[in-house]
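Asks: What follows is a structure written as structure tokens; I'll ask about it next.
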Amino acid sequence: MKMTIKEVIVAEGRDDEIAIKKAVDAEIITTHGFAFGRKLINLLKEIEKKRGIIIFTDSDYMGSQIRKRIADEIPSAKHAYLSQNVSTKHGDIGVENASPEEILKALKAARATKTKVVSEYTMSDLIENRLINSDDASARREKLSEILKIGYGNGKKTLHKLNSFGITRDEFEEAMKEVNSHR
4 MKMTIKEVIV AEGRDDEIAI KKAVDAEIIT THGFAFGRKL INLLKEIEKK
54 RGIIIFTDSD YMGSQIRKRI ADEIPSAKHA YLSQNVSTKH GDIGVENASP
104 EEILKALKAA RATKTKVVSE YTMSDLIENR LINSDDASAR REKLSEILKI
154 GYGNGKKTLH KLNSFGITRD EFEEAMKEVN SHR
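Everything in the sequence shown is counted per our numbering, starting at 4 for the first residue and increasing by one.
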């Protein structure tokens, strides 16, 4: 039996919807790309009040633009992320390319952005853990974001996500142990 997700999942297109439905039982609304309008935003705002939404877009530029546009309007929305290495097939990046197991993991790990961001982490944490200012920093951030399911970002974005998604120190340290074991 598939896991049921109570929130409504916001995805980009029909292929994403089909892939998500193979993984979970959920209601899905598609944006059909970036050209969605005020009508969809207003609908999502109403849904967020009643059931909540999870933004689950592709891990490419357009997906991040759609995510940002919706999150700017609905800051309480949850975010689910897939890394590019599990959502890429034949050079195409998309939720539709991920396995049902990876989709399920991403949805289980969906997190809301904290309205009051606590600065638990600083640039010093990133430097100490070689997430910036080291030759392998990009690869280490990619692995960290995959483990924590927070979406890849440069140093500044990674720091923001660690703080705004309320990643605990224990979660971070456990994830860094795993990052360090992949040498």
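Yeah, the Cβ is synthetic: ideal placement off N, Cα and C, and Gly gets one too.
#1: Within the continuous beta strand (DSSP E) that includes T33, where are the two ends?
#2: Does the count of Cβ pairs from the region 121 to 137 and the region 95 to 110 closer than 8 Å reach three?
#3: Between the region 71 to 84 and the region 138 to 147, do at least 3 Cβ pairs fall closer than 8 Å?
#4: Indicate the three-state DSSP secondary structure (helix, strand or coil) for T91 in the structure shown.
#5: Between E10, E177, G156, R54, which has its C-alpha nearest Y64's C-alpha?
#6: Let me check understanding here. Comparing Cα to Cα, which of R70, E15, L110 lies closest to G5?
#7: Would a C-beta distance cut-off of 8 Å place I170 and L151 closer than the cut-off?
#8: In the DSSP assignment, find the unbroken alpha helix (DSSP H) run with V182 in it and report its ends.
Replies: Put simply:
#1: For the purposes of this step, residue 33 is identified with residue 30 of the sequence shown, where counting begins at 1. That run of the beta strand (DSSP E) goes 31 to 33.
#2: no
#3: no
#4: Residue 91 sits at position 88 when you count from the first residue of the sequence shown. In this structure, T91 counts as strand in the three-state DSSP scheme.
#5: Walking along the sequence shown from the start, residue 64 turns up at place 61. Considering only alpha carbons, the answer is G156.
#6: The residue labelled residue 5 in the question sits at position 2 within the sequence shown. It should be noted that the sequence gives Lys, not Gly, for residue 5. Looking at the Cα atoms, L110 is the closest of the given residues.
#7: Position 167 of the sequence shown, counted from the first residue, corresponds to residue 170. Position 148 of the sequence shown, counted from the first residue, corresponds to residue 151. Yes, they are a contact pair.
#8: By one-based count along the sequence shown, residue 182 stands at place 179. Note, V182: alpha helix (DSSP H), 172 to 184.
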